[in-house]
Amino acid sequence: MAKIILLLLAVFVSAALANRRTCFCEIRASTDRSDPMFLDVDDPRYSHWLPFSCGTAKARCPDDCRNSAASALGGAVHPLDHSAGTRACNMIRRQVTPADPVHLYAHYKTSSCGHEGYQYLGELCCWELNLGPQYPTYYLHNPSCSADQHPLGR
């Protein structure tokens with residue numbers, strides 16, 4: 456009886472391990488996966504003791520990756536809200552003008568399924584606030600990428 460229980464346990468454990476999928480997720484400033492990564496975000500993982508199909512993982516991965524990106528940026532995406540934009544500006548640490556905005560994309564790739572793609576997260580513009588040599592430089596999110604709303608009137 457003990458051997459049967461061990462055999463069944465081994466079958467269920469191996470089946471659970473075989474039914475794991477990962478949605479590899481990262482934020483890039485381009486649709487090209489070979490461009491440098493802007494931010495590596497938490498990778499959603501899927502597992503179940505019943506078979507977890509590639510179809511299910513493929514269906515869930517894009518939205519789960521977008522949600523992981525929003526969580527990593529600390530706000531909403533598509534469009535970027537104030538919190539997500541502020542965090543992205545503090546990470547990019549440079550002025551990003553409306554004439555040359557940064558477009559952020561959540562890239563995803565589902566393990567063992569041959570499925571990859573990206574979702575648009577939003578347009579990013581940032582103001583640089585330099586108040587002088589004795590103060591640190593700040594970067595603020597310009598939510599509408601407006602050229603005429605700089606906080607210091609520049």
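Using this note's numbering, the letters of the sequence shown map in sequence onto residues 456 to 609.
Where is the CB? At the ideal position from N, CA and C, for every residue including glycine.
Here the region 501-516 makes contact with the region 563-571; the two share three or more CB pairs at distances below 8 Å. Counting C-beta pairs closer than 8 Å gives three or more between the region 545-565 and the region 472-484, which meets the contact rule. Every beta strand (DSSP E) of 3 residues or more that sits fully in the region 576-606 is shown, in chain order, as 581-584 and 593-596. Nearest C-alpha to SER538 among SER601, LEU595 and CYS600: LEU595.
For the region 531-560, the full-length alpha helix (DSSP H) segments reaching 4 residues or more read 537-547 along the chain. Counting along the chain, ARG488 sits inside no beta strand (DSSP E), nor does DSSP assign it H or E at all. Taking the Cα of ASP498 as reference, the smallest distance to any Cα among THR477, GLU583, LEU505 and THR541 is reached at THR477. Partner residues in the beta bridge of HIS562, as assigned by DSSP, are GLU481 and TYR573.
When DSSP states are grouped into helix, strand and coil, ASP497 belongs to the coil group.
The C-beta of HIS558 has fewer than 16 other C-beta atoms within 10 Å across all chains shown, which makes the residue exposed.
Cβ-Cβ distances below 7 Å link CYS600 to PRO553, PRO556, GLU578 and CYS580 in the same chain, with the five nearest sequence neighbours on each side left out; the list follows chain order. Taking C-beta atoms under 8 Å as the contact rule, ALA561 and CYS509 fail to qualify, at a distance of about 20 Å. In the structure shown, SER523 adopts helical secondary structure according to DSSP, grouped into three states.
ASN585 and ALA524 have their alpha carbons spaced roughly 29 Å apart. The residue among ASN597, ALA527, VAL532 and PRO517 with its C-alpha nearest the C-alpha of SER566 is PRO517.
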